[in-house]
Amino acid sequence: MLKQHRELSMSIRRTIENNEEAGIRPSKTYQSFVAAAGGHRELHFIEKDVRNYITREVRNVSEQEDAKEFGKSRAAFEYFGDVISFDTTYNTNRYNLVCGSFVGVNHHGQSTLLGCSLMKNEEIESFKWLFQCWLRCMGGNAPKGFLTDQCASMKRALEACMPTTVHRWCIWHIMKKIPSKLNGYKGHADIEQEMSHVV
1 MLKQHRELSM
11 SIRRTIENNE
21 EAGIRPSKTY
31 QSFVAAAGGH
41 RELHFIEKDV
51 RNYITREVRN
61 VSEQEDAKEF
71 GKSRAAFEYF
81 GDVISFDTTY
91 NTNRYNLVCG
101 SFVGVNHHGQ
111 STLLGCSLMK
121 NEEIESFKWL
131 FQCWLRCMGG
141 NAPKGFLTDQ
151 CASMKRALEA
161 CMPTTVHRWC
171 IWHIMKKIPS
181 KLNGYKGHAD
191 IEQEMSHVV
């Protein structure tokens, strides 16, 4: 079939988009069209047309959506960027990368994602690079407060990149370490009460 005679109708395009979003491979999508039409000869396109449409249109839309999300993150930072939490407790298993997330809290008390990262390691230079990139994306404005875990290299990178930002440890990480650090005082109710009040 000559290229000028091949075309994807609107309904075919929608089906391709839906199947791509559902994770169905292009070859399976094409085979479903062949089965529905009653054979290859009944279609006005070939499998390569399906693949080209996915590459050209569907993935292009994904890139545009990423750009929209970036704009939303920047706008959210302008409104809710006073105090940011940065967490790297999640590691991806397959590629052994460190997944980090920049999170703020909106006026409804809901977490708002302000950025995320995949990093090869947790060294000072990696954090410096990440924080500088994130600040540039957020218009160069540093938050007033920054909550992190007790990572020393992250602390040093923050001091270098955001010298006016107040750095604090996340309460979850503090509370997680209390039992191991103060295990000897476990039987003393008055100390437990005082510690609960202080924290």
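Per UniProt numbering, residue 1 is the first one in the sequence shown, and the count goes up by one each step. Using N, Cα and C, we set each Cβ at its ideal position, and we do this for glycine too.
Give me the DSSP bridge partner(s) of residue i.
i    : result
M119 : V98
R168 : L147
Y90  : C99
G81  : G81 is not bridged to any residue.
S111 : V105
Going by alpha carbons, who is nearest to residue i out of the options?
i    : options               : result
A36  : P143, L135, H197, T15 : T15
M138 : W172, M162, H40       : M162
R41  : R6, T112, M10         : R6
E78  : Y30, S101, P143, I124 : P143
T112 : D149, G81, K128       : G81
G145 : T29, C151, L158       : L158
E57  : Q132, R13, A189, N183 : R13
H167 : C133, C151, S180, M10 : C151
N106 : N183, K72, D190       : K72
K48  : G39, G38, T29         : T29
I178 : E122, E194, F127      : E194
N52  : K155, E17, A22, S32   : E17
K128 : Q110, R156, H108      : R156
E122 : Q110, G109, D149      : D149
F131 : T165, S9, G109, Q110  : T165
R136 : R74, S9, R25          : R74
Could you tell me whether the Cβ atoms of residue i and residue j are closer together than 8 angstroms?
i    : j    : result
I46  : E20  : no
L114 : A160 : no
V83  : L147 : yes
I174 : S153 : no
T88  : V103 : no
V50  : L43  : no
Since I believe residue j is in contact with residue i (beta carbons under 8 angstroms), could you give me their beta-carbon distance rounded to a whole number of angstroms?
i    : j    : result
S117 : C170 : With 8 angstroms as the limit, S117 and C170 do not qualify as a contact, their Cβ atoms being about 17 angstroms apart.
G140 : M119 : Their Cβ separation, rounded to whole angstroms, is 22 angstroms, which puts G140 and M119 out of contact at 8 angstroms.
For a cutoff of 8 angstroms on Cβ pairs, would you count residue i as touching chain B?
i    : result
P163 : In summary, chain B is missing from the structure at hand, where a single protein chain is found.
Subject >> Length at least 3, wholly inside the segment 5-36: the beta strand (DSSP E) runs in chain order >> reply: Listed in chain order, nothing qualifies, since the segment 5-36 has no complete beta strand (DSSP E) run of 3 or more residues.
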